[in-house]
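Quick mapping for you: the protein sequence lines, in order, are chains P, Y and C.
When we follow this note's numbering, the leftmost residue of the first sequence carries the number 1, and every step to the right adds one.
When we follow this note's numbering, the leftmost residue of the second sequence carries the number 284, and every step to the right adds one.
When we follow this note's numbering, the leftmost residue of the third sequence carries the number 727, and every step to the right adds one.
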Amino acid sequence: MNPLARRKLVQIALNAAGIAVFLFAVFPVYWMVATAFKPNDQIFTTSFIPFPSPPSLDHVERVFTKGVGDLPIWQYLLNSTIVALSAVVLGAVFALLAATAVARFRFRFRTSFLILLLIVQMVPAEALLIPLFTMVKRIGLYDQLLGLIVINVGLTLPFSVWMLRTFVAAVPKELEEASWIDGAGRFTTFWRVLFPLVAPGLVATSIFAFITTWNEFVFALTLINDQGKYTMPVALNYFVGQRSTDWGGIMAASTLMTIPVLVFFLLVQRRMVSGLVAGAVKG
Amino acid sequence: MKIAKIAVATTATAALALGLAACGSDDSGSTNAPSASAAASGPKFAGQTLTVWRLGAPTDVANKYMDDLNAKFKEQTGADVKVQWIPWPDAQKKWTTALAGGEGPDVTEFGNDQVAAWVAQDALADITDAVKSDPELQQIPQNLWSYETIDGKIYAVPWGGGTRAVLYRKDWFEKLGIEIPKTWDELVAAAKKIVEKEGKDVDGFAFNGGSDANMSLSPFVWSAGGDFAKFEGGKWVGLLTQPGFKEGFQFYTDLVAKNGVSGKGRLTQNSVDIAQRFAAGKVGMYVTGGWDIAAIKEQSKGKIDESKMAFFSVPSKDGSGPAPAFQGGNDIAVWKDTKNPELAIEYVKLAAGKEFGVRYAKEGGLLPLYPDALEEMGGDPAQKPFTDTFKVARGFPASPNWAEANDTKAVLQNAAREVIEGKKSVDQALADANTELETILNQ
Amino acid sequence: MTQTSTLARGGAGTSAPTRRGRTRGSGLSPKIVPYVLLLPGLLVIAVLLLYPMYQMVEMSFHKVGLRQIKAINPAPADFVGLDNYNSVLGSPLFWSSLRNTVVFAAVTVALTLVLGTLVGLLLNRLGRKMSTFVVVGIMAAWATPPTAQAVVWKWLFDSDSGVVNWLLNLLPDGLSRLLFGRSDWTGQPWFNDTYTLYFVLIVAVVWASFPFIAVSVLAGLKSIPSELYEAAKMDGSGAVTTFRRITFPLLKPVFSVLVVLSIIWDFKVFTQLYLLAGGTTNRDAFNLSLWSYAEAFGGSAPKLGLGAAIAVVLTVILLLITLVYVRQIVKTEDDIR
């Protein structure tokens, strides 16, 4: 087989694998979306129904027109967006600073700090709930989105620091030195040299932080009292009644809730590629 | 915001001191002659706000009810009401943090079987005097206050009642010529016939082994003369190994193990799961409450409606009438940390009083607690099995730890599964369960 | 490994920029700089997490119910010494839950990492459009709210209406019998037995977490200069050799982080198990998280002291498992520098 034909074959095989992965990943998601469009008797059935037939807008319409728990669904989506975006930005800045510290400097308590971050991840959230609640109350952040933002920064920081640390460490020191020699200041060096090279890592951690915050439930439930400040995961529970659950509504709202994550992903993922380009130029 | 709250609290205290003398007299007035009482107590609480927690998601009917109730309350007391809806699955966490944060509701809705647990946590206010002195609340029969009365003190007011009966496929019964079962044997025979004719994947009588399994198990146990536990000599004594309990438990597990009228693959389903299968036409009978008719009609998109399903009371073993079933329902209570107990009590009295109490029950798919309203409801053949059963309804052990044994640790569900799967004999499983139950109740 | 030290790992110590920093007169002593950089993150963690964590540990030595944590008129908490720990370690459920937890985590972490890495490598090789297409697909899986995830998987494995039983029935009878010893899958229950329940749980959790690994690996790959690959190609090394000698060593730090975090997360799986197992009614299926929930937070009279003790035990187990490994990671890096 000539190399050209072989390459083509490999490419076909890779694409086929890509499609297989796509199908595996998407099928359950499809099921969620399909359920959102199934009339009730097709959800609560004992036979296998692959497509909603005919599709019904009952649930989607109900979610949009009647809202969730008497408030429009936009309200919760807006709250969730505010919390998630702020936590991502704040978390990225904090994590990048901390990651630079642990990757570029050797100081006392460095290892302890890294392990401490992991311990924070290990403790079950339920067990922390009450002490954390009283703490948030004491510092006056109870029933405020800001409190939720800060908590989520704390919850996602460990991963972000650990992850970014490897990216920062991977940036050749020589590059920075070259920049120093060119007479650039600390900030310029950071912005022009370090930042583009760690961008892919920053993107990955931002996506992680966004999704984690977006789906966080326990603290969002307990640290917020005013229904107008509820986030989406909390609002979803309005579909669960004392004696029955509105699965159609849950699936419709969940579908709606998945979309902003994909949008956020599409917005930031370019950075992953452009980070590489920028790095290559500098390298 | 903060300042406003403090101001409210201060005026409340002042009002409390000033209004104490008037309190006794306008109790009776408030119910019989609302306009007069409005004049009397109207200005007293004007400008104040009461926070009320309702459970679940607001529906149009529920919103209308709350609006009417709150309008009336304002007319009577001059106070505003802020309603907050707490999703059912989150209620526990919200109450917990309300206690820890010191900022909770003034009045809250409650499941009646939860009252004991929250009283044990010092979360609810003692409202004995107010309840005893209110002639209207006294019309609620005394046997319905068992959950609310702890050590002789009353901590909540029953708001709406519920009990369980057997929901069955009327159309199948007619088609297959099955009579409504009057004894356990007839029940099993009917279930077997359904499985035989409607298909092996159909549950003739669905076994409930999920979170609310005891609601389904208890009628059989009680009917056989057994019970779960009794409070004796200062501690709880398990009764699971007594012959009555064993007989009911054996019958219940045999539904699956011996008679095969419920699928072995679904041992952990609860009544919500079963209702979904019922809506899909895969269940002939199961134990549940009246609310499921509406839910099933909705879930089956009307394919299974009132013409195809109805209730009958769980039969006793020998056919001597309805077996006792669980007396469930929702309560309304005053939160102990409230800054305005007097106003909160007024609210409870109005909400659980005859007019709004009966409305709450009827509109929420529950049974009214006032005897004449219940009697009236019994005239409806669809409701008769419930009103009949409700008269002999009983409660689970009124221990703050019952909830843990009931569904968190699921003592009897696990015992039943071990028996059905052949891992333990009935005697062994019940002996073990009894030990565990006693440990949990007496901790 | 030789490449590691010569390649982009770079980072020859800490001296250069710092020393220059001082000459440039930023006014900060190089000794202080790292602490300043850590400050914001540390502040958040210390105030919001460390202090509550300390309180949690303290709780674990007391008998704490809601009465004790009330904001208004709290009751004093009784000191009970190690009682809570004794009842945790003395419970027969502890050992079965621990077994479930460990086996589940081991299998899931391995599967997630392998699948995630393969997909990450694949994404790096695909054309731009195809890559975006696949990545959006796996992002959708990751982004699905946990409740919806668990419920959808529960439906897919439903004994009557599930796709899985339907698909298994589609297999030719002979093949199905050869593979599984049976041909009829109608009504096969998946959620009764602990083994099959955990099988579904593993599928569900791997499905939800491999995208995270894939995206992280992809990010790592994107930061590897392409010159290295070109050089390897010129040396004539094959795909496997290239992976072993260039990709893997360069991604190793990222892998280490992913392994440790995956272990931690899979140890604590809760929502999916809770929903798949139908609450707490099947105690054979408990893992440590579900058990601690049932024990301490499930009832309406939460035993917070006991719950805290379980949380401490869980944390200690995790620490023991990961500590050796973590120290090694931190250490090797220091040595390389």
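C-beta atoms are modelled at their ideal positions from N, C-alpha and C, and glycine is treated no differently.
Asked, Found
"Contacting residues, own chain, Cβ-Cβ under 6 Å from Pro502 (chain Y) (five flanking each side not counted)", "Val597, Ala606, Ala608"
"Lys377 (chain Y), enclosing alpha helix (DSSP H) - first and last residue", "374-384"
"Contact set for Ala17 (chain P): own chain, Cβ-Cβ below 7 Å, skip 5 residues either direction", "none"
"CA-to-CA distance, Leu768 (chain C) to Val762 (chain C), given in whole angstroms", "10 Å"
"Under 8 Å between C-beta atoms of Lys365 (chain Y) and Thr332 (chain Y)", "yes"
"Test: Asp961 (chain C) CB closer than 8 Å to a CB of chain Y", "no"
"Gly487 (chain Y), buried or exposed, once every other Cβ within 10 Å from all chains shown has been counted against 16", "buried"
"Nearest candidate by alpha-carbon position, reference Lys948 (chain C), set P:Phe219, P:Arg243, P:Val198", "P:Val198"
"Residue nearest to Trp916 (chain C) in terms of C-alpha spacing, selected from C:Asn891, C:Gly907, C:Leu896", "C:Asn891"
"Proximal residues of chain Y, C-beta to C-beta of Asp886 (chain C) below 7 Å", "Asp484"
"Helix, strand or coil at Ile452 (chain Y) [DSSP, three-state]", "The amino acid at residue 452 (chain Y) is misidentified as Ile; the sequence shows Arg. It is a strand residue."
"Beta carbon proximity, Asp310 (chain Y) to chain P, threshold 8 Å", "Only weak support exists for where Asp310 (chain Y) lies, its pLDDT of 37 falling under 50; the value from the coordinates is given anyway. It does not; no Cβ of chain P falls within 8 Å."
"Leu338 (chain Y): contacting residues in chain P (beta-carbon distance under 9 Å)", "Gln242"
"Given Lys483 (chain Y) as reference, the closest of Y:Asp690, Y:Gly548, Y:Met660 once Cα atoms are compared", "Y:Gly548"
"Three-way DSSP call (helix, strand, coil) for Ala593 (chain Y) in this model", "strand"
"Chain Y residues whose Cβ lies nearer than 7 Å to that of Asn1008 (chain C)", "Thr551"
"Contact list for Arg908 (chain C) against chain Y, beta-carbon separation under 8 Å", "Neighbours of Arg908 (chain C) on chain Y: none; closest Cβ ~15 Å, over 8 Å."
"Residue range of the alpha helix (DSSP H) that includes Asn542 (chain Y)", "Neither: Asn542 (chain Y) is in no alpha helix (DSSP H) and is coded neither H nor E."
"Chain C contact for Pro131 (chain P) (CB, 8 Å cutoff)", "yes"
"Neighbourhood of Ile149 (chain P) by C-beta, 6 Å cutoff - its chain only, sequence neighbours within 5 removed", "Val83, Ser86, Ala87"
"Cβ neighbour criterion (16 or more within 10 Å) applied to Arg165 (chain P)", "buried"
"Beta-carbon proximity list for Trp505 (chain Y), same chain, < 7 Å, skipping 5 on both sides", "Ala606, Pro607, Arg677"
"Helix, strand or coil at Ala606 (chain Y) according to DSSP, with G and I counted as helix", "coil"
"Cβ shell of Thr858 (chain C) (< 7 Å), same chain only, five flanking positions each side left out", "none"
"Rounded straight-line distance, which links the Cα of Asn717 (chain Y) to that of Thr509 (chain Y)", "The sequence shown places Gly at residue 509 (chain Y), rather than the Thr named in the question. The straight-line gap from Cα to Cα measures roughly 13 Å."
"Among Y:Gly445, Y:Arg447, Y:Ile463, nearest to Lys453 (chain Y) - alpha-carbon criterion", "Y:Ile463"
"Contact list for Pro39 (chain P) against chain Y, beta-carbon separation under 7 Å", "Lys584"
"Within chain Y, the residues that Ile795 (chain C) reaches when beta carbons sit closer than 8 Å", "Leu382, Ala383"
"Euclidean distance between Cα positions of Val980 (chain C) and Glu784 (chain C)", "35 Å"
"Ala1034 (chain C) versus Pro680 (chain Y): straight-line alpha-carbon distance, rounded", "28 Å"
"Own chain, CB closer than 7 Å to Val471 (chain Y), minus 5 neighbours either side, in chain order", "Asn542, Val544"
"Whole-angstrom distance between Asn40 (chain P) and Thr411 (chain Y), CA atom to CA atom", "46 Å"
"Identified DSSP bridge partners for Trp336 (chain Y)", "Y:Gln367, Y:Thr391"
"Min CB distance Pro1028 (chain C) to chain Y below 8 Å", "yes"
"Through-space distance from Leu221 (chain P) to Ala665 (chain Y), alpha-carbon basis", "40 Å"
"Option in P:Ala98, P:Ser254, P:Glu61, P:Leu77 with minimal Cα separation from Val161 (chain P)", "P:Ala98"
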